[in-house]
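Engineer:
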Amino acid sequence: MKKLILSLVLLSAGKILSAQSIKGAITDSKTHQPLSYATVSLLKAADSSQLKGALADDNGLYKLENIKAGNYLLSAQIVGYVKKLVAVTVIKDEINVSIELAAQTSQLGEVTIKATRPLIERHADKIVFNVENSIVAAGNNGMELLKMAPLVTLSQDNTIKLKGKDNVMVMLDGKIIAGETAGSLLQSMSAEQIAKIEIITNPSAKYDASATGGIINIITKKGTGMGLNGTANLSASRSDYGKYNGGVSLNYRTSKLNIYGNINLRDAKGYRNESLIRYLQTDGQPITLETPTELFTHGKAETGKVGIDYTLSKTSTIGFSVEGLFLQSDNRAIATSYFRGAEGALDSVLTSASRPGKNINYTSYDVNYRNKINAKGEEITIDLNQSHFTGLTKQDLDAQMAAVSVSKPVEYSSSVTRTNSLFNVTTFQTDYTLPLDSSITLETGVKNLYTSSANRSSNQNVNSIAGTPDFSNTSYKENIAAGYVTLTQQLKTLKLQGGVRAEQTNASLSNTNLNTNYLNFFPSAVIDNKFSDKYELTFTYAGKINRPAYQSLIPFVVPIDRYTQEKGNPDLKPEYAHSFELTNNIHDISITLGYTYTRNAITDFIEQDEQTKVWTFMKGNFTHLENYSAAVVLPYNITRWWNSNNTVVGLYNSYYGDNVGGSIYNHGKFSYNLNSINTFSLPNSIKAELTAIYNSASINGLYQISHYSMVNAGVSKAFFEKMLNVKLGVNDIFKSSGYSLSSNAGSIHMNAHSYSDSRRVTLSLSYKFGKKITPARQSNNDDVKDRLSL
Numbered sequence: 027m028k029k030l031i032l033s034l035v036l037l038s039a040g041k042i043l044s045a046q047s048i049k050g051a052i053t054d055s056k057t058h059q060p061l062s063y064a065t066v067s068l069l070k071a072a073d074s075s076q077l078k079g080a081l082a083d084d085n086g087l088y089k090l091e092n093i094k095a096g097n098y099l100l101s102a103q104i105v106g107y108v109k110k111l112v113a114v115t116v117i118k119d120e121i122n123v124s125i126e127l128a129a130q131t132s133q134l135g136e137v138t139i140k141a142t143r144p145l146i147e148r149h150a151d152k153i154v155f156n157v158e159n160s161i162v163a164a165g166n167n168g169m170e171l172l173k174m175a176p177l178v179t180l181s182q183d184n185t186i187k188l189k190g191k192d193n194v195m196v197m198l199d200g201k202i203i204a205g206e207t208a209g210s211l212l213q214s215m216s217a218e219q220i221a222k223i224e225i226i227t228n229p230s231a232k233y234d235a236s237a238t239g240g241i242i243n244i245i246t247k248k249g250t251g252m253g254l255n256g257t258a259n260l261s262a263s264r265s266d267y268g269k270y271n272g273g274v275s276l277n278y279r280t281s282k283l284n285i286y287g288n289i290n291l292r293d294a295k296g297y298r299n300e301s302l303i304r305y306l307q308t309d310g311q312p313i314t315l316e317t318p319t320e321l322f323t324h325g326k327a328e329t330g331k332v333g334i335d336y337t338l339s340k341t342s343t344i345g346f347s348v349e350g351l352f353l354q355s356d357n358r359a360i361a362t363s364y365f366r367g368a369e370g371a372l373d374s375v376l377t378s379a380s381r382p383g384k385n386i387n388y389t390s391y392d393v394n395y396r397n398k399i400n401a402k403g404e405e406i407t408i409d410l411n412q413s414h415f416t417g418l419t420k421q422d423l424d425a426q427m428a429a430v431s432v433s434k435p436v437e438y439s440s441s442v443t444r445t446n447s448l449f450n451v452t453t454f455q456t457d458y459t460l461p462l463d464s465s466i467t468l469e470t471g472v473k474n475l476y477t478s479s480a481n482r483s484s485n486q487n488v489n490s491i492a493g494t495p496d497f498s499n500t501s502y503k504e505n506i507a508a509g510y511v512t513l514t515q516q517l518k519t520l521k522l523q524g525g526v527r528a529e530q531t532n533a534s535l536s537n538t539n540l541n542t543n544y545l546n547f548f549p550s551a552v553i554d555n556k557f558s559d560k561y562e563l564t565f566t567y568a569g570k571i572n573r574p575a576y577q578s579l580i581p582f583v584v585p586i587d588r589y590t591q592e593k594g595n596p597d598l599k600p601e602y603a604h605s606f607e608l609t610n611n612i613h614d615i616s617i618t619l620g621y622t623y624t625r626n627a628i629t630d631f632i633e634q635d636e637q638t639k640v641w642t643f644m645k646g647n648f649t650h651l652e653n654y655s656a657a658v659v660l661p662y663n664i665t666r667w668w669n670s671n672n673t674v675v676g677l678y679n680s681y682y683g684d685n686v687g688g689s690i691y692n693h694g695k696f697s698y699n700l701n702s703i704n705t706f707s708l709p710n711s712i713k714a715e716l717t718a719i720y721n722s723a724s725i726n727g728l729y730q731i732s733h734y735s736m737v738n739a740g741v742s743k744a745f746f747e748k749m750l751n752v753k754l755g756v757n758d759i760f761k762s763s764g765y766s767l768s769s770n771a772g773s774i775h776m777n778a779h780s781y782s783d784s785r786r787v788t789l790s791l792s793y794k795f796g797k798k799i800t801p802a803r804q805s806n807n808d809d810v811k812d813r814l815s816l
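Its first residue numbered 27, the sequence shown is counted upward by one per residue in the working numbering.
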């Protein structure tokens, strides 16, 4: 690896050209807010012919590279603003030219011009899935959208994976949300609330060290047009059951004040068919326990957010926001377990009826300050966040055992379980960026996250064979103090970045032996050489840590049926990962090779009570996990009206454990994922989309998982000067997203399958009102919610 890095540096140095670059920001002349996606063009001073062009990013920043010394004109323009020309003279390595545009005083009348982002964008450090441009995305919730995103897959329990790696950090508008929290929050969100999804496979030391599997940042919609504007959306889906979603977002902006808010309601019913076959030993005799289960789900969610941004000066803004989530689920499960002896003869039948459900309330308050100190790029941001979470998990279970022989009486059992959780999370973070000169930039920051929780569990059991306590209390406290520094140097075409992050963790859990205090350092490095406009080579390394989710530590027992239960594991250790990536960007094609070594890898474990035959599912640590990956992102314009974005990922995951199910576990498997998103521009302003996804058979800890696939299609058409958009889509046309799994680890032997009502037809309506809005500028709020278990 050292030889590879040295070779890259020497090769890059040999390719440095005598070329300069121009960078800067495009902003509103009155509000001084960034103008996202403004068009910037470099023109010859002599005849105004165009030489280069670029679109500004979300923060209004642009960069033009490989420019020879000389005199030029720089043009900046965007719909709703007066075009501006600036004379520039390039004589040094890099110059900074920021441009302020004045809003047009007259309306554009019937003419509307809008730059459309492609469905998939590829950048040096991330891939962007522009959800608002997708047709088949309509009507889906946030979790379902991730199944369509490049490089992303979901495991059998909806755990998010990025290039086959677990422990992906999920962020909402730059704020961290935990794994289980992300699941509940994403399932309550609608696609109509989401503008785009950013995928970062190997983040630097600037980000929290807990992003061992990478980062998925979900950016919500937010208008920037002056005056009042907004969007109303409504969707209805039908599979075996109905799913309905509706919401409104509003934005009011003046020269210094911006007030925004949104509310979304979701009501969804669903069906899932599952089957679990366990192979047991009783008194030396083999027994088979077959348990088919029907699960009927019903969830209601209300999400909302309101905020205000105020421009204090030309360079600084302050903001305050409140967001909330209320989630209620009331489900029914019917399971019938068949006990069969060695010859397959039926011995007895266990019938179970359960009512699993939960109520969740989550509220977050955020205050942020941002000051772009000067045009050179010096900037400071400050963020203070307070989050509150209360949750009630319910499980009512009634079961009866009937023997085939009528001489045995019927046995009855029941249990009622209630688990209450209360979490308070306080986060403070500040970040500072300082350009030391035209080529070197220093970034540094500190963060403190304090969490306190109280948890109570009660169980009322009748004839239960699982020895669960009747009542238990725990409290958990954790404080993470962190600081980072990164240094970036731009040497013409060569970019070098090095950084380190330090995190001090103090954690304690009452009634257990968990009382930890440890300090870790996590380095990161980037070597990037842009040989030309058509070829770029990037090497990245990052060290990371993944701490156990709170609920995974708390040793409460939740019965699922008479022979199955879930439990927390206070002995769970944090996992440590070292991740390496080498990315080649050739024209529009991106090829990435990756390797990640994870010590103490956290995944699902199963324990079997030899006396009662009860299986307990919990999180545990493997000794290590190795992940090898190769990913190709291939966008291709087949015709003028047909665009195809394709992603192919090859993976090899290898798990090793010293003691798993009473024996050594050493298993690995190659797998691959295919994702093809095709968009079509048809006559009469009709757009169509066809998405195909295939995931081959794979391994996930103890489980060997079968292949599964999904094909989605949809059409859309705009009406009333593109104010009303109507979409009709079908998800999982061939109903092929079900899967099966198996496990043979020590004393654990099982087969299972799961299928849901995934084939769904969705009709969605979206209506924009108010003044025409430009694409949203996203606020720079970094972290709030962390590892809450919802």
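The C-beta atom is built at its ideal place from N, Cα and C for all residues, glycine as well.
These numbers come from a predicted model, not from an experiment.
Between Ser281 and Tyr391, what straight-line distance do the alpha-carbon atoms span, to the nearest angstrom?
Structural biologist: Separation of Ser281 and Tyr391 (C-alpha to C-alpha, rounded to the nearest whole angstrom) is 25 Å.
Engineer: May I ask which residues mark the beginning and end of the alpha helix (DSSP H) holding Glu170?
Structural biologist: 168–172
Engineer: Below 8 Å between beta carbons: does that hold for Leu791 and Leu750?
Structural biologist: yes
Engineer: Select from Tyr698, Arg625, Ile125, Lys556 the residue whose C-alpha is nearest the C-alpha of Asn610.
Structural biologist: Lys556
Engineer: Do the CB positions of Asn97 and Ala80 come within less than 8 Å of each other?
Structural biologist: no
Engineer: Quick one: measure Cβ to Cβ for Leu376 and Ala425, integer angstroms, because I've assumed they're closer than 8 Å.
Structural biologist: Contact annotation, Leu376 with Ala425: C-beta distance approximately 6 Å; criterion of less than 8 Å satisfied.
Engineer: Does the pairing of the stretch 537–550 with the stretch 516–528 give three or more beta-carbon distances under 8 Å?
Structural biologist: yes
Engineer: If we call anything under 8 Å between Cβ atoms a contact, is Asn156 one with Ser216?
Structural biologist: no
Engineer: Where do the N-terminal and C-terminal ends of the alpha helix (DSSP H) with Tyr233 fall, by residue?
Structural biologist: Neither: Tyr233 is in no alpha helix (DSSP H) and is coded neither H nor E.
Engineer: Quick one: give me the first and last residue of the beta strand (DSSP E) that Gln103 is part of.
Structural biologist: Its beta strand (DSSP E) spans residues 96–103.
Engineer: Rounded to whole angstroms, what is the Cα-Cα separation between Leu177 and Glu504?
Structural biologist: C-alpha of Leu177 to C-alpha of Glu504: approximately 33 Å in a straight line.
Engineer: Give the single residue among Leu700, Ser707, Leu716 whose Cα lies nearest to the Cα of Tyr734.
Structural biologist: Leu700
Engineer: Enumerated in chain order, which unbroken segments of the alpha helix (DSSP H) with a length of 4 residues or greater are wholly contained in the stretch 54–98?
Structural biologist: none
Engineer: Output the distance between the C-alpha atoms of Ala551 and Asp614, rounded to the nearest integer angstrom.
Structural biologist: 24 Å
Engineer: Taking the straight line between their C-alpha atoms, what separation do you get for Asp83 and Lys49?
Structural biologist: 12 Å
Engineer: Only counting runs of 3 or more residues, tell me where the beta strand (DSSP E) segments fall wholly within the stretch 534–599, in order along the chain.
Structural biologist: 541–558, 561–572, 583–587, 590–593
Engineer: Report the CB separation of Val737 from Ala714 in whole angstroms; it is logged as a contact under 8 Å.
Structural biologist: Val737 to Ala714, Cβ: 14 Å. No contact.
Engineer: Are the CB atoms of Phe449 and Thr477 nearer to each other than 8 Å?
Structural biologist: yes
Engineer: Leaving aside the five residues before and after Gln486 along the sequence, list all residues of the same chain whose C-beta is less than 6 Å from its C-beta, in chain order.
Structural biologist: Val442
Engineer: Does DSSP put Gln219 in a helix, in a strand, or in coil?
Structural biologist: helix
Engineer: Nearest CA to the CA of Leu513: which residue from Lys232, Ser74, Ala51?
Structural biologist: Checking every option, the nearest Cα to that of Leu513 belongs to Lys232.
Engineer: Across which residues does DSSP place Pro312 in a beta bridge pair?
Structural biologist: Gln307
Engineer: Would you call Ala771 buried or exposed, if buried means 16 or more other Cβ atoms sit within 10 Å of its Cβ?
Structural biologist: Here Ala771 is buried: its Cβ has 16 or more other Cβ atoms, across all protein chains shown, within 10 Å.
Engineer: Going by the beta-carbon positions, is the gap between Leu180 and Ser160 smaller than 8 Å?
Structural biologist: no
Engineer: For Pro574, count neighbouring Cβ atoms within 10 angstroms of its own Cβ and tell me buried if that reaches 16, exposed if not.
Structural biologist: buried
Engineer: Check for me: the beta strand (DSSP E) holding Leu619 runs from which residue to which?
Structural biologist: Bounds of the beta strand (DSSP E) holding Leu619 are 615–625.
Engineer: Return the residue from the list Tyr765, Ile774, Gly296 that minimises the CA-CA distance to Tyr270.
Structural biologist: Gly296
Engineer: Three or more C-beta pairs under 8 Å: does that hold for the stretch 624–633 against the stretch 644–653?
Structural biologist: Yes: the two stretches touch, three or more of their Cβ pairs being nearer than 8 Å.
Engineer: From Val511 to Thr531, what distance separates their C-alpha atoms?
Structural biologist: For Val511 and Thr531, the gap between their C-alpha atoms comes out near 19 Å.
Engineer: Starting from the C-beta of Gln46, find all residues in its chain whose C-beta is less than 6 Å away, skip the five residues before and the five after it, and write them out in chain order.
Structural biologist: Within the same chain, Gln46 has close Cβ partners Ile93, Val116, Asp119.
Engineer: DSSP three-state label for Val116, please.
Structural biologist: strand
Engineer: Please list, in chain order, all residues of the same chain as Ser707 whose beta carbon is under 7 Å from its beta carbon, the five residues on each side excluded.
Structural biologist: Hits under 7 Å: Trp667, Lys713.
Engineer: Give the straight-line distance between the Cα atoms of Gln412 and His58, rounded to the nearest whole angstrom.
Structural biologist: 29 Å
Engineer: Between the Cα of Asn284 and those of Ser261, Pro312, Met252, spot the shortest distance and give me the residue it belongs to.
Structural biologist: Comparing alpha carbon positions, the residue from Ser261, Pro312, Met252 closest to Asn284 is Met252.
Engineer: Taking the alpha-carbon of Thr65 as reference, which of Lys56, Tyr107, Ser75, Ala95 has the nearest alpha-carbon?
Structural biologist: Tyr107
Engineer: Could you tell me whether any Cβ in chain D is nearer than 8 Å to the Cβ of Met776?
Structural biologist: Any reference to chain D falls outside this structure, which holds one protein chain only.
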